[in-house]
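Asks: The structure follows.
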Amino acid sequence: MKKFLKRFALFLIIIVIIAALSYKSIGRRMFSDNYGEIVSKYAKEYDVDPYLILSVIKAESNFDSNATSRQNAKGLMQVTPPTAKWIVDQMGITEFNDESLYDPEINIKLGTWYLKNLEGEFGENLDLVLASYNGGRGNVNKWLKDINYSRNGTDLHSIPFKETDDYVKKVKFYYKIYNRLYEY
Numbered sequence: 001m002k003k004f005l006k007r008f009a010l011f012l013i014i015i016v017i018i019a020a021l022s023y024k025s026i027g028r029r030m031f032s033d034n035y036g037e038i039v040s041k042y043a044k045e046y047d048v049d050p051y052l053i054l055s056v057i058k059a060e061s062n063f064d065s066n067a068t069s070r071q072n073a074k075g076l077m078q079v080t081p082p083t084a085k086w087i088v089d090q091m092g093i094t095e096f097n098d099e100s101l102y103d104p105e106i107n108i109k110l111g112t113w114y115l116k117n118l119e120g121e122f123g124e125n126l127d128l129v130l131a132s133y134n135g136g137r138g139n140v141n142k143w144l145k146d147i148n149y150s151r152n153g154t155d156l157h158s159i160p161f162k163e164t165d166d167y168v169k170k171v172k173f174y175y176k177i178y179n180r181l182y183e184y
């Protein structure tokens, strides 16, 4: 029996060592950075954390550049055509059509610019930025004025849209993982 326990303990130690050595490899298969070069480019250009961009892409489309949501959001960062039109107007881009949102370069550029724009409005408050990205900045501004959701007008203690609340939690979870798996 002692011999069996020693072998079993050795087996468990070997498994733990293998798992420890390969967690990044396994994690990187589950948490892609397939568009890392484009993400890096626009993260630098717009001064947005690349891990945040990757986390939004993971949550929004799971890196499917052809994804389309029920709300007609398109591409990697799931930008809706009306939001995209507003963004390109703000950026001074004259040539744009909705199908461009399936182009990873354009989608990441617009989505990253939009994250930066939301950071400009909501500062470093990641919950507000993410809630706005998912649920709309107009809704977030209403919630900040409502005592049921914000006690101080600057933070949300409750997000009334379950989908948006789940989204904020999911992106923040992915953010922690991307920070551990990659170096940007």
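Here the UniProt record's numbering is used: the first residue of the sequence shown is 1, the next is one more, and so on.
Glycine included, every Cβ here is placed at the ideal spot set by N, Cα and C.
Kindly indicate which residue of D49, M91 and Y102 has the alpha-carbon position closest to the one of S61.
Replies: Counted from its first residue, the sequence shown places residue 61 at position 61. Measuring from the Cα of S61, the nearest candidate turns out to be Y102.
Asks: If you count every other CB in all the chains shown that lies within 10 Å of the CB of S69, and 16 or more means buried, which is it?
Replies: Sequence index remark: in the sequence shown, residue 69 carries index 69 (1-based). It is exposed - the Cβ of S69 has fewer than 16 other Cβ atoms within 10 Å.
Asks: Would you mind stating whether L110 and A84 have Cβ atoms separated by less than 8 Å?
Replies: Counting from 1 along the sequence shown, the entry for residue 110 is found at position 110. Counting from 1 along the sequence shown, the entry for residue 84 is found at position 84. Result yes, Cβ atoms of L110 and A84 sit closer than 8 Å.
Asks: Whole angstroms are fine: how far does the CA of N152 sit from the CA of Y174?
Replies: As a working note, residue 174 is residue 174 in the sequence shown. As a working note, residue 152 is residue 152 in the sequence shown. Cα to Cα, the separation comes out at about 28 Å.
Asks: Based on the DSSP output, what are the partners of V79 in its beta bridges?
Replies: Your numbering for residue 79 matches position 79 in the sequence shown. V79 is bridged to K74.
Asks: Kindly indicate which residue of V39, I13 and L52 has the alpha-carbon position closest to the one of K169.
Replies: Locating residue 169 in the sequence shown gives position 169, where the first residue counts as 1. For the residues V39, I13 and L52, the minimum Cα distance to K169 belongs to L52.
Asks: What alpha helix (DSSP H) runs, 4 residues minimum, are completely inside the UniProt domain "Transglycosylase SLT" (39-146)?
Replies: 50-61, 81-91, 104-122, 126-135 and 137-144
Asks: Out of curiosity, what's the CA-to-CA distance linking A59 and F8?
Replies: Working through the sequence shown from its first residue, we reach residue 59 at position 59. Working through the sequence shown from its first residue, we reach residue 8 at position 8. Distance between the alpha carbons of A59 and F8: 40 Å.
Asks: With H, G and I counted as helix, E and B as strand and the rest as coil, what does DSSP make of T181?
Replies: Your numbering for residue 181 matches position 181 in the sequence shown. Note that residue 181 is Leu in the sequence shown here, rather than Thr. Three-state result, L181: helix.
Asks: Check whether the Cβ atoms of T94 and G135 lie closer than 8 Å to each other.
Replies: Start at 1 with the first residue of the sequence shown, and residue 94 comes out as number 94. Start at 1 with the first residue of the sequence shown, and residue 135 comes out as number 135. No; because the gap between Cβ atoms is not below 8 Å, this pair is not in contact.
Asks: Distance check for L128 and S158, CA to CA, integer angstroms please.
Replies: The sequence position of residue 158 within the sequence shown is 158, counting from 1. The sequence position of residue 128 within the sequence shown is 128, counting from 1. Computed Cα separation, rounded: 11 Å.
Asks: Note down the Cα distance separating I177 from F63, rounded to an integer number of angstroms.
Replies: Here the question's residue 177 lines up with position 177 in the sequence shown. Here the question's residue 63 lines up with position 63 in the sequence shown. Their Cα atoms are separated by approximately 16 Å.
Asks: Can T112 and A43 be called in contact, C-beta distance under 8 Å?
Replies: Numbered from its first residue, the sequence shown carries residue 112 at position 112. Numbered from its first residue, the sequence shown carries residue 43 at position 43. Between T112 and A43, the C-beta gap is smaller than 8 Å, which places the two residues in contact.
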